[in-house]
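Please read the structure below before turning to the comments.
There are 4 protein chains.
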Amino acid sequence: MYVKLDFLKNFPQFIYRTRSTYKYTKKMSYEPLIHSDDPKHPANVICALCKQFYDNNWCTGTGGGISIKHQTTGAYYIAPSGVQKEQMKPEDMFVMDGKSKEYLRIPKQFKPSACTPLFVACFQHRNAGAIIHTHSQNAVLSSLLFDKVFKIANIEQIKAIPSGKVDPETGKLIPLSFFDTLNIPIIENKAHEDQLIDSLLQTFEDYPHTCAVIVRRHGIFVWGPTIEKAKVFNEAIDYLMELAVKMCQLGIPPDCGIDEEAKFIAKR
Amino acid sequence: MYVKLDFLKNFPQFIYRTRSTYKYTKKMSYEPLIHSDDPKHPANVICALCKQFYDNNWCTGTGGGISIKHQTTGAYYIAPSGVQKEQMKPEDMFVMDGKSKEYLRIPKQFKPSACTPLFVACFQHRNAGAIIHTHSQNAVLSSLLFDKVFKIANIEQIKAIPSGKVDPETGKLIPLSFFDTLNIPIIENKAHEDQLIDSLLQTFEDYPHTCAVIVRRHGIFVWGPTIEKAKVFNEAIDYLMELAVKMCQLGIPPDCGIDEEAKFIAKR
Amino acid sequence: MYVKLDFLKNFPQFIYRTRSTYKYTKKMSYEPLIHSDDPKHPANVICALCKQFYDNNWCTGTGGGISIKHQTTGAYYIAPSGVQKEQMKPEDMFVMDGKSKEYLRIPKQFKPSACTPLFVACFQHRNAGAIIHTHSQNAVLSSLLFDKVFKIANIEQIKAIPSGKVDPETGKLIPLSFFDTLNIPIIENKAHEDQLIDSLLQTFEDYPHTCAVIVRRHGIFVWGPTIEKAKVFNEAIDYLMELAVKMCQLGIPPDCGIDEEAKFIAKR
Amino acid sequence: MYVKLDFLKNFPQFIYRTRSTYKYTKKMSYEPLIHSDDPKHPANVICALCKQFYDNNWCTGTGGGISIKHQTTGAYYIAPSGVQKEQMKPEDMFVMDGKSKEYLRIPKQFKPSACTPLFVACFQHRNAGAIIHTHSQNAVLSSLLFDKVFKIANIEQIKAIPSGKVDPETGKLIPLSFFDTLNIPIIENKAHEDQLIDSLLQTFEDYPHTCAVIVRRHGIFVWGPTIEKAKVFNEAIDYLMELAVKMCQLGIPPDCGIDEEAKFIAKR
């Protein structure tokens, strides 16, 4: 114990972030629902990724969120509303029964995320294992530059995104090819996040294969069968949105054909 | 002890930053006013956040600062002038009595921050619990692009900022809505920071609900009832100023109405 | 052991990333091919650099890769396909015999990188000791702005890149001079990375002195006699591609002569 | 000892960077000239700051460098040429006698930095205590946008830079005022860094009060009476060069008068 406290004193920059732990070791009791030594437990993964996403400028202020379905119990773990995402701890987590949709755990002092119905819709209607929601500026800018659908074509990175087609032999998702166009639908923002549910459900019908929806002037929702997949999809899409904004600034349409950029700029 | 020194040798990059601690364990005596095991103590929080803000490029050189009111004693903790913000330690802190405005503690070798009267004005006239001052380039650029007031509208992130209205039932601050416009007044810079006091007080009258003031060609002051709130407000406003600059570069007015961006750019 | 676990609990953000180690200490057996205390062992260096490159946005999603030839055994160590690069561990590594090109080690659950034939070609035909492949946005944007060859001239940083000429006295590679132009060939992307092999081999003939090839709308391959050199070349080239994009945005041709920029912009 | 190695295994990303320490504890002998427990010893500070500057993109590849005069012995500590700056260790350091200019220590396997004569000139003719040299892209771009002198005016951050005037009462350097213009001379680059010496000495005559010189298409040299001051000057100048490039992109001359920006852009 002495070693730990002594160690922390050496790194004043860490003290603030570890306040939760401090409390935990002093006062809190163990809760099997949220406390686990397994780093892949949803409560641990949500805390770790929220910290990482905060550093990426995807969860500025208290924006954004993550929800993960427990692979054994099927319970939904959901980051709360209004919490500073880089300081989140397992004790802050809401847990919802995957079948009854009743809360198994409600943390004191927090409100449920207004995104909760959207997360649940992705779990239920898209068979998602995890959903990531960010306020990425690349998503906001893309939603200003594109009308109904974000489009980018012929970039290697789109191969990280599933096409929606399934290989009949292996049963695995077939990714987009380099020669494909990635389409991500854009829906209009509403006053409250839970009001997005109708547009989201409509999008599921109109774009049954998409793994993401951009919300205009707001951010993006990305889902996948596991949190590992959802994370990879989100990173690849953010990379592509960032690239699309830069291409627009240079005068190159992000969905133009291979070598068609020469129509728009004087190539060197 | 052996463990600690041995450990530090493994991480040469940490040595420079922890010099304060080294001195502390050797020579300094314990001061209850500034030394605390509680990571939420103002002296600890100021050090931790200054480090974080330096990494965000908000406290380049020795710019910027933070002041926090102790929630129990009401004393004001103030980062000193001229110190490298990423290396600040509790021993560098000025402490002022919240009532008499007399210094309870003056660190040797430092001058008080020229921002001190501005911080005190926010504590007294805005009932602030904490004030953050940064030299954010997004604030400087926004002050060049806007005349008297920075304006941005219809972006989800503005919901992180209070509207100034209070919910009559709960007594809580009501945040801005997605359909609102965020207005932040811009005041002219002066030769010395303490000369900003008159403009600041005038702004309190003209914009009684604002939680921030941009200083042209200088930076921004952001306050809130607690340091947690002030931090969230500052992050959200910086995000919005960054977005506004990018929108200006793309030709889109940051305060244009929803879907009005199509008037200014050819949407895809 | 208690110390370690206790320590990890203090830093929830680290838990996720160290999952591999957790497994290792519990279940895995020691493999001399990939486990070494020497931090310069290829398996360790690949993991460390993939983490660093991920933080640089060069390996977003699961993109990019690194391959290193073991200096004693001549075996090729290759990062697998589809793995999150910031979480890679020695156990994920493919190892190929440098002579027979047969796999000495195939990790369960991973596929070999589609870049493998390209890496092998660089080892064999360029006498490379290491190859770095990134999806750097600076490379993708450069490939859109330039036609057949990326060119930048008269920038100090190009002195980090070898000219291809060898000093007859010392036998060492002579770097480019400040007054030289750096040329990096650009090849067209294909549906699958292994289909790039013909273009790559052709480039070896056409540009025998290049240490890098840009793949249009995809990324870049950079190689060197050692991983230290390849890393330095890759960093310097990425710096130069980033600078070239910024110069294009300002209207200055990246390969214009010294003081010729005044032809293109109004200098202050 | 067990603890340390066990700990390192948990963090594969750290292994590469700490290779020097590993060697040190096993094989190297203690050298009083470069080994010190004092984190402010020049050899320790140079290593710590090179790591920090690398992370800032100021020392990409093996570019840039730092030299510090030992405050007691007057010896010059100089980072070597060609080393990866983020991995530097005290054992890599050149040490030169401040009077005789003879090397007190020459590390095996490294060449002296080509900047050495420039560093020595700053120590001797500017009474510098430390010199920082970076390949900052903000410096390179500024050198393309400005002709003979980089100029920026009426920005709060310029108050971090000394005016060259001395307060007759306190003997302290008087900083620039908010209403001043910061001028930094730009010299032409040469094939070899040591050939910059004549231009540098001429600049000392023409701009006796400058604390920095930009080298066109190359980078910047910044000096100060101590390494703390030089670091603050370098950060403030880099901030101002970054801001100037952004102002140019928006069409605003960086040295325009207060409120004159309205002549160049339509303010909102």
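Chains as they are written, first to last, in UniProt numbering: chain A, 1 to 268; chain B, 1 to 268; chain C, 1 to 268; chain D, 1 to 268. Glycine included, every Cβ here is placed at the ideal spot set by N, Cα and C.
Is there a Cβ from chain E that is less than 8 Å from the Cβ of residue i?
i      : result
Y30(C) : The structure shown contains no chain E; its protein chains are A, B, C and D.
Go ahead and pull the three-state DSSP assignment for residue i.
i              : result
K172(D)        : coil
H218(A)        : coil
T203(B)        : helix
H133(C)        : strand
K190(A)        : coil
T116(D)        : helix
A153(D)        : strand
A266(D)        : coil
residue 348(D) : With chain D covering only 1 through 268, there is no way to say anything about residue 348(D).
C122(B)        : helix
P90(C)         : helix
S100(D)        : coil
D198(D)        : helix
E31(D)         : coil
K85(A)         : helix
S177(A)        : coil
F11(C)         : The predicted model places F11(C) with a pLDDT of 29, which falls under 50 and marks its position as unreliable; any figure quoted below should be read in that light. In the structure shown, F11(C) sits in coil (DSSP, three-state: anything other than H, G, I, E or B).
G257(A)        : coil
Using a Cβ cut-off of 9 Å, pull out every chain C residue sitting near residue i, in sequence order please.
i       : result
F179(A) : A191
K108(A) : Result: empty, since nearest Cβ-Cβ is about 20 Å, beyond 9 Å.
Closer than 9 Å by beta-carbon distance: list the chain D residues that pair up with residue i, in chain order.
i       : result
P253(B) : R268
E188(C) : Here the premise fails: no neighbours, minimum Cβ distance about 28 Å.
Residues of chain D with CB under 8 Å from residue i, in chain order?
i       : result
L243(C) : Q137, V140 and L141
E102(C) : By Cβ distance, chain D contributes nothing, its closest Cβ being about 27 Å from E102(C), past 8 Å.
G61(B)  : Q157, A160, V232, F233, E235, A236 and Y239
Q84(B)  : E228, K231 and V232
Could you say which of the options lies nearest to residue i if we only look at CA atoms?
i       : options                               : result
C122(D) : P253(D), N138(D) and V213(D)          : V213(D)
P117(C) : A230(C), I197(C) and K263(C)          : I197(C)
W58(C)  : I34(C), G129(C) and N138(C)           : N138(C)
S67(C)  : I252(C), K108(C), V120(C) and P168(C) : V120(C)
P225(A) : Y76(A), G129(A) and A75(A)            : G129(A)
Q87(B)  : I46(B), G251(B) and P39(B)            : I46(B)
L145(A) : K40(A), L243(A), I132(A) and M93(A)   : L243(A)
S100(C) : P112(C), Q124(C), P90(C) and G82(C)   : Q124(C)
F185(B) : T170(B), E193(B), D206(B) and E169(B) : Note that residue 185(B) corresponds to Pro in the displayed sequence, not to Phe. The option with the nearest alpha carbon to P185(B) is D206(B).
F150(A) : L240(A), N44(A) and D194(A)           : L240(A)
E260(A) : F204(A), P175(A) and N154(A)          : N154(A)
Q202(B) : E156(B), C211(B), I265(B) and I187(B) : I187(B)
Can you list the residues of chain A that residue i reaches, using a CB-CB cut of under 7 Å?
i       : result
T116(C) : None at all; the shortest Cβ gap to chain A is about 16 Å.
Can you check DSSP and say which residues form a bridge with residue i?
i       : result
Y77(D)  : I68(D) and V95(D)
N183(A) : K151(A)
W223(A) : I131(A)
Run down chain C in chain order and give the residues with a C-beta less than 7 Å from the C-beta of residue i.
i       : result
F264(D) : Within 7 Å Cβ-Cβ: nothing; F264(D) doesn't reach chain C, min ~12 Å.
N154(A) : R217
Can you list the residues of chain A that residue i reaches, using a CB-CB cut of under 9 Å?
i       : result
D194(C) : Residues of chain A passing the Cβ test: none, with the nearest at roughly 13 Å.
Quick check on the DSSP output: the beta strand (DSSP E) that includes residue i runs from which residue to which?
i       : result
K165(C) : P162 to V166
L104(A) : Y103 to R105
I want to verify the contact list: residues of chain B whose CB lies under 8 Å from the CB of residue i, in sequence order.
i       : result
Y77(D)  : Chain B residues near Y77(D): none, gap ~14 Å exceeds 8 Å.
E169(D) : None at all; the shortest Cβ gap to chain B is about 15 Å.
K151(A) : R268
K69(D)  : Simply none; closest approach about 17 Å.
What first and last residue would you give for the alpha helix (DSSP H) that runs through residue i?
i       : result
C248(A) : I227 to L250
I46(D)  : P42 to D55
Which bits of chain A does residue i rub up against, with CB to CB less than 8 Å?
i       : result
F146(C) : K267 and R268
Residues of chain C with a CB under 8 Å from the CB of residue i: which are they?
i       : result
E261(A) : L144
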